[in-house]
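Asks: Numbering (mature numbering (1 follows the signal peptide of the UniProt record, and there is no 0)), first residue to last: -20 to -1, 1 to 348. A virtual CB, placed ideally from N, CA and C, is assigned to each residue, including glycine. Please find one structure pasted underneath; my questions will follow.
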């Protein structure tokens, strides 16, 4: 309100000044209303002086032009804040204005970690799709992250474009999908989960981080800066755990380096690797439903490997965000035995398109 009243008051002052403006005759001392005056010697005074109308028009155009520009900017800001994106199923809805002002401890208190597994519908989709079901997705409640990040259609190529702290997690947690005969789902305890992240490029001043975190997580904080999270940071090779514990863990890393993140659920142990080298256990006793996460405070580009390509850390060659890769294949065969393979059935019908229905009524269609 003050920003609108100020230019109006300035405009009112200019108009009052113009209405009361006078022109003083230098020889007689008489005043006129801004008209041209001739002295007794024939000298003309006031010639070339701008009239009041010209000054008022310029001031009026300037003030109202400023008001219009401010209005356009305000409408644009409101539009960005109200943008809506699809959310992770059953995830708590976080108000956009609570992303930044709220502290990490208050955030965790208001939004405790979700400890439930995806529904049976999602489990069946994951089993049929395999590890490609895991993909990085910007937080739908944070328009800042939506604005500052780019993700390709596979969810494997992630680019941070802005110059503010941003963090991104996968759509599904680390768990082994399993289908029961009665249609329910459970997570059989695997020996470990693992994935790798390679830095394709980054700004020299950008600090990057990879790690694990529960969900929901404040998207304006890098991994390790809030509760129930751990992050291995690039600038000094430090690891951060739950916002308080920060220790030197490995060397700094940058473009061309590949970071691996492993989790042993039975022990609650988290470890990191760098370019295929084991860096040691980072933390133990962590028993939460954890999501892979990456973050940066400036421009950076990453590519993620969930086991579709050979790992640099060969000891984890058989593992992925779903645990053992062969266990996922076994579950897929079991599911196809019970429900059949819709892809095979449609091939036999000689159809041109194969449609796989994702949870949430999203269709992925591929041409044969």
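1) Is it a yes or a no for the stretch 187 to 196 touching the stretch 204 to 213, going by three-plus beta-carbon pairs under 8 Å?
2) How many angstroms separate the CA atom of residue 107 from the CA atom of residue 158?
3) Going residue by residue through the stretch 184 to 231, where are the continuous alpha helix (DSSP H) segments of at least 4 residues, counting only ones entirely within it?
4) How many angstroms separate the CA atom of residue 189 from the CA atom of residue 200?
5) Out of 311, 114 and 170, which one is the CA nearest neighbour of residue 246?
6) If you check the beta carbons only, do residue 156 and residue 286 fall under 7 Å apart?
7) Please report how far the alpha carbon of residue 181 lies from the alpha carbon of residue 43, in whole angstroms.
8) With a CB to CB cut of under 6 Å and the five nearest residues on each side skipped, what residues in its chain are close to residue 300?
9) Within a Cβ cutoff of 7 Å, which residues of the same chain sit near residue 264, ignoring the five residues on either side of it in sequence?
10) Please tell me whether residue 239 and residue 177 are closer than 7 Å, where the distance is taken between their beta carbons.
11) Spatial neighbours of residue 272 within its chain, please: CB distance less than 6 Å, with the 5 preceding and 5 following residues excluded, ordered by chain position.
12) Which one or two residues does DSSP pair with residue 182 in a beta bridge?
13) Leaving aside the five residues before and after residue 224 along the sequence, list all residues of the same chain whose C-beta is less than 7 Å from its C-beta, in chain order.
14) Going by Cα to Cα distance, which pick from 114, 269, 93 and 104 is closest to residue 350?
15) Look up residue 143 in the DSSP assignment and say whether it is helix, strand or coil.
16) Which whole-angstrom value is the C-beta distance of residue 148 and residue 118, which I expect to be below 8 Å?
17) Classify residue 130 as helix, strand or coil using the three-state DSSP reduction.
18) For the putative contact between residue 242 and residue 251, defined by C-beta atoms under 8 Å, what is the C-beta separation to the nearest angstrom?
19) Distance, Cα to Cα, residue 212 vs residue 145?
20) For residue 134, which of 51, 284 and 219 has the nearest alpha-carbon?
21) Do you know whose CA, among 279, 46, 91 and 89, lies nearest residue 130's CA?
22) In its own chain, which residues sit with a C-beta less than 7 Å from the C-beta of residue 311, not counting the 5 before and 5 after it?
23) Along the beta strand (DSSP E) that carries residue 158, what are the first and last residues, could you check?
24) Using the three-state DSSP reduction, which class does residue 113 fall into: helix, strand or coil?
25) Apply the 10 Å Cβ neighbour rule to residue 202 and answer buried if 16 or more other Cβ atoms are within range, or exposed otherwise.
26) In whole angstroms, what separates the C-alpha of residue 153 from that of residue 302?
27) CA-CA distance, residue 53 and residue 198?
Replies: Reading from the atomic positions:
1) Put simply, the stretch 187 to 196 touches the stretch 204 to 213. At least three CB pairs are less than 8 Å apart.
2) 8 Å
3) Positions of the alpha helix (DSSP H) runs, each at least 4 residues long and wholly inside the stretch 184 to 231, cannot be given because no such run exists.
4) Cα-Cα distance, rounded: 13 Å.
5) 170
6) no
7) Spanning the two alpha carbons is a distance of roughly 46 Å.
8) Counting only residues of its own chain and dropping the five nearest sequence neighbours on each side, residue 300 has a CB closer than 6 Å to the CB of 111, 286 and 287.
9) 247, 248 and 249
10) yes
11) 150 and 175
12) Residue 182 pairs with 280.
13) none
14) Absent from the structure is residue 350, since the part of the chain shown begins at -20 and ends at 348.
15) coil
16) About 6 Å separates the two Cβ atoms, so the contact holds.
17) strand
18) 5 Å
19) 15 Å
20) 284
21) 279
22) 107, 157, 158 and 159
23) 157 to 159
24) helix
25) That one is buried.
26) 9 Å
27) Each residue's CA atom was taken as its position, placing residue 53 and residue 198 some 27 Å apart.
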